[in-house]
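Here is the structure we will look at, set down as structure tokens.
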Amino acid sequence: MMAFAMSRLTDADLAPNALQADYSLRDHNTFGFDARARLGGAIRSEAALAALRADQRIAGMPRLVLGAGSNVVLTRDFDGLALVIDLRGRRVVAQTDDAYIVEAAAGERWHDFVDWTLQQGMAGLENLALIPGTVGAAPVQNIGAYGLELAERFERLRALDMVDGRIVDLDAQACAFGYRDSVFKHAARDRLIILSVAFRLPKRWRARASYADVASWLAASGIGEPTARQIFDAVTAIRREKLPDPAVLGNAGSFFKNPIVDAEQFAALRAKEPDIVCYTQRDGRVKLAAGWMIDRCGWKGRSIGAAAVHERQALVLVNRGGATGEQVLALAQAIRADVSQRFGVELDMEPLVV
Ligand SMILES: Cc1cc2nc3c(=O)[nH]c(=O)nc-3n(C[C@H](O)[C@H](O)[C@H](O)COP(=O)(O)OP(=O)(O)OC[C@H]3O[C@@H](n4cnc5c(N)ncnc54)[C@H](O)[C@@H]3O)c2cc1C
21 MMAFAMSRLT DADLAPNALQ ADYSLRDHNT FGFDARARLG GAIRSEAALA
71 ALRADQRIAG MPRLVLGAGS NVVLTRDFDG LALVIDLRGR RVVAQTDDAY
121 IVEAAAGERW HDFVDWTLQQ GMAGLENLAL IPGTVGAAPV QNIGAYGLEL
171 AERFERLRAL DMVDGRIVDL DAQACAFGYR DSVFKHAARD RLIILSVAFR
221 LPKRWRARAS YADVASWLAA SGIGEPTARQ IFDAVTAIRR EKLPDPAVLG
271 NAGSFFKNPI VDAEQFAALR AKEPDIVCYT QRDGRVKLAA GWMIDRCGWK
321 GRSIGAAAVH ERQALVLVNR GGATGEQVLA LAQAIRADVS QRFGVELDME
371 PLVV
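So this is what it looks like as structure tokens:
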């Protein structure tokens, strides 16, 4: 992609904020796309972020907030300010009769944080082991895997309001968590930057091991009543086997959300596709397996240029080397069209498309 012409800001202007002109985003997105931002840099303190917000020379620029870039598709250079949130720190904040409250700064690596809570003897996040990315991005799409969603362990978070400079505290209700969704994908998207997240981990912990893959891994290992660490190990091993490592094969995990349809639409679908994979929800609606539908449309392993559908996991789109974000998006659109035609269901993309 093209380089940006030097910004009107001089190097001396940029240095105090550790920003660089024509900033490469290649190491800041797990697809490995070679996009650039007009300005960018890592944010290593809350004070630095507050100073940036107050800086009139850049206050009006479009902003792209990144953690580890494991849920973004960069289809072009970004004509604005890219902020890579690298705030660090984690601590046990308090304990009540029934829970520990732990907190981590937004730039902490999610998997390392989960590991650390277990080292402290605090269980509860183990089902979410090995999800790439940062603690600060985890609430944005209410990360979930293997029978657990972040929202179930969430206590509150702190965020900087980039409009008025206030630091705000949000509880779960204010975050409006949904399936791979929160207020940070909607009203708060261009306004709040998450600084730290606190979790409530239960003292009376019970293993959550009924998810089929986890249950069979534990059974195969001869484990009847797993500890939290054993579930962590099981989830880590399963994920390593099933999902491509972005360090080896660029990807952003699941590319599409599993669509949820009402009971009537589901009945009509099942009449046409008797073996359709589905999960009935508490409210009677039915969640469909997007990966199964994509596979059924014949897309597993197929490619457009170097953008491909993973051979083992049809929900994951990969960069086989040298693909662009536009090619991945073209592949995604072709898949959506086929799924829509065959099943009458529209797939929503999970990553942020820039
Ligand atoms: C191999 C693989 C497996 C995956 N498996 C799962 C899975 O099982 N479950 C799951 O839910 N996800 C999964 N993902 C997606 C991804 O890991 C998560 O969405 C993760 O939380 C993204 O973290 P990040 O730091 O990389 O965020 P980024 O990709 O950098 O950003 C994601 C979004 O969050 C915003 N954002 C980032 N930081 C902040 C902040 N501090 N304040 C406000 N907004 C912010 C960004 O603007 C963007 O909209 C997977 C991805 C990969 C590559």
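Under the working numbering, the first residue of the sequence shown carries the number 21, and numbering increases by one thereafter. All residues carry an ideal CB built from backbone N, CA and C; glycine is no exception. As the structure is a computational prediction, the values presented were derived from the model and not from experiment.
State yes or no: is the C-beta of residue 49 within less than 8 Å of the C-beta of residue 104? The residue labelled residue 49 in the question sits at position 29 within the sequence shown. The residue labelled residue 104 in the question sits at position 84 within the sequence shown. Against a cut-off of 8 Å, the Cβ pair of residue 104 and residue 49 comes out as no contact.
Quick one: is the Cβ of residue 220 within less than 7 Å of any heavy atom of ligand 1? Position 200 of the sequence shown, counted from the start, is the residue given in the question as residue 220. Every heavy atom of ligand 1 is 7 Å or more from the Cβ of residue 220, so no.
Looking only at its chain, what residues have a beta carbon closer than 7 Å to the beta carbon of residue 228, apart from the 5 residues adjacent to it on each side? Numbered from 1 along the sequence shown, position 208 holds the residue referred to as residue 228. 147, 167 and 168.
Residue 304 versus residue 144: straight-line alpha-carbon distance, rounded: Numbered from 1 along the sequence shown, position 284 holds the residue referred to as residue 304. Numbered from 1 along the sequence shown, position 124 holds the residue referred to as residue 144. Rounded to the nearest angstrom, the two C-alpha atoms are 28 Å apart.
Would you say the beta carbon of residue 328 comes nearer than 7 Å to a heavy atom of ligand 1? Start at 1 with the first residue of the sequence shown, and residue 328 comes out as number 308. For ligand 1, not one heavy atom lies less than 7 Å from the Cβ of residue 328.
Span of the beta strand (DSSP E), counted from its first residue to its last, around residue 345: Counting from one through the sequence shown, the residue named residue 345 turns up at place 325. Here residue 345 belongs to no beta strand (DSSP E); instead the alpha helix (DSSP H) covers 345-363.
Start-end ranges of the beta strand (DSSP E) lying completely within the stretch 45-80, minimum 3 residues: 56-63
If you drop the 5 nearest sequence neighbours on each side, which residues of the same chain put their C-beta closer than 7 Å to that of residue 27? Position 7 of the sequence shown, counting from 1, holds the residue named residue 27. Low confidence applies here, because residue 27 scores a pLDDT of 44, under 50, leaving its location unreliable; read the following figure in that light. Around residue 27: 41, 58 and 59.
Using beta-carbon positions only, say whether residue 101 and residue 78 come within less than 8 Å of one another. What you label residue 101 is simply residue 81 of the sequence shown in a count that begins at 1. What you label residue 78 is simply residue 58 of the sequence shown in a count that begins at 1. The answer is yes: Cβ separation under 8 Å.
Between residue 127 and residue 156, how many whole angstroms is the CB-CB distance? I'm expecting something under 8 Å. The count along the sequence shown starts at 1 and reaches residue 127 at position 107. The count along the sequence shown starts at 1 and reaches residue 156 at position 136. With 8 Å as the limit, residue 127 and residue 156 qualify as a contact, their Cβ atoms being about 6 Å apart.
How would you label residue 347, buried or exposed, when you count the other beta carbons within 10 angstroms and need 16 or more for buried? For the purposes of this step, residue 347 is identified with residue 327 of the sequence shown, where counting begins at 1. With 16 or more other Cβ atoms within 10 Å, it is buried.
Kindly list the residues whose CB is nearer than 6 Å to the CB of residue 46, restricted to its own chain and excluding five residues on each side of it in sequence; keep chain order. If you number the sequence shown from 1, residue 46 lands on position 26. Excluding sequence neighbours, residue 46 sits near 54.
For residue 267, is the beta carbon positioned less than 7 Å from some heavy atom of ligand 1? The residue labelled residue 267 in the question sits at position 247 within the sequence shown. False, no ligand heavy atom lies under 7 Å from that Cβ.
Should residue 43 go down as buried or exposed, given a rule of 16 or more other Cβ atoms within 10 Å for buried? Within the sequence shown, residue 43 is the residue found at index 23, counting from 1. Counting Cβ neighbours within 10 Å, residue 43 comes out buried, since at least 16 surround it.
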